[in-house]
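As structure tokens, the structure follows; a few thoughts come after it.
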Amino acid sequence: MRPPEDLEDLDPGLARARTELAWTRTAIGFAALGAAVLKTAPAAGVPVLAMSALIYGVGRWSRPPGRTGGHARPRRLLVVTVAVTLVSLVALAIAFFGPATYIRIR
1 MRPPEDLEDL DPGLARARTE LAWTRTAIGF AALGAAVLKT APAAGVPVLA
51 MSALIYGVGR WSRPPGRTGG HARPRRLLVV TVAVTLVSLV ALAIAFFGPA
101 TYIRIR
């Protein structure tokens, strides 16, 4: 008997671990961006930092109970989808309508 070619077939728990790491990396990325923006435009940096906490919390909350087996409830998936959409829209609004930084090209 040959082993499966896809690693997911060997250990389906790896997908959950990668998803948790992706949520954490995204939250850290938002926090770093918020800290950088906070230095130049505090009004735009504070919401980005708040969004990093929100992303981290939603990532932790969306895990199935016990972290082993089972799937997230459909309601949790809906909450995650709505939260990600809202964070994206807020980030887009800050990018377009936030305090403008003027770059002059000579």
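Going letter by letter, the sequence shown gives residues 1 to 106 in full-length UniProt numbering.
Where is the CB? At the ideal position from N, CA and C, for every residue including glycine.
Rounded to the nearest angstrom, what separates leucine 92 and valine 80 at their Cα positions? Counting from 1 along the sequence shown, the entry for residue 92 is found at position 92. Counting from 1 along the sequence shown, the entry for residue 80 is found at position 80. Distance between the alpha carbons of leucine 92 and valine 80: 18 Å.
So for alanine 41, helix, strand or coil by DSSP? By one-based count along the sequence shown, residue 41 stands at place 41. Here alanine 41 sits in coil by DSSP.
Glycine 98 - DSSP class collapsed to helix/strand/coil: Counting from one through the sequence shown, the residue named residue 98 turns up at place 98. Here glycine 98 sits in coil by DSSP.
Going along the chain, which residues of its own chain have a beta-carbon closer than 7 Å to the beta-carbon of glycine 34, five neighbours each way excluded? Counted from its first residue, the sequence shown places residue 34 at position 34. Excluding positions up to five away in sequence, the list reads Gly45, Val48, Leu49, Ser52.
Straight-line Cα distance separating valine 82 from arginine 60: Taking the sequence shown and counting its residues from 1, the one referred to as residue 60 is at position 60. Taking the sequence shown and counting its residues from 1, the one referred to as residue 82 is at position 82. Going by the C-alpha atoms only, they are around 15 Å apart.
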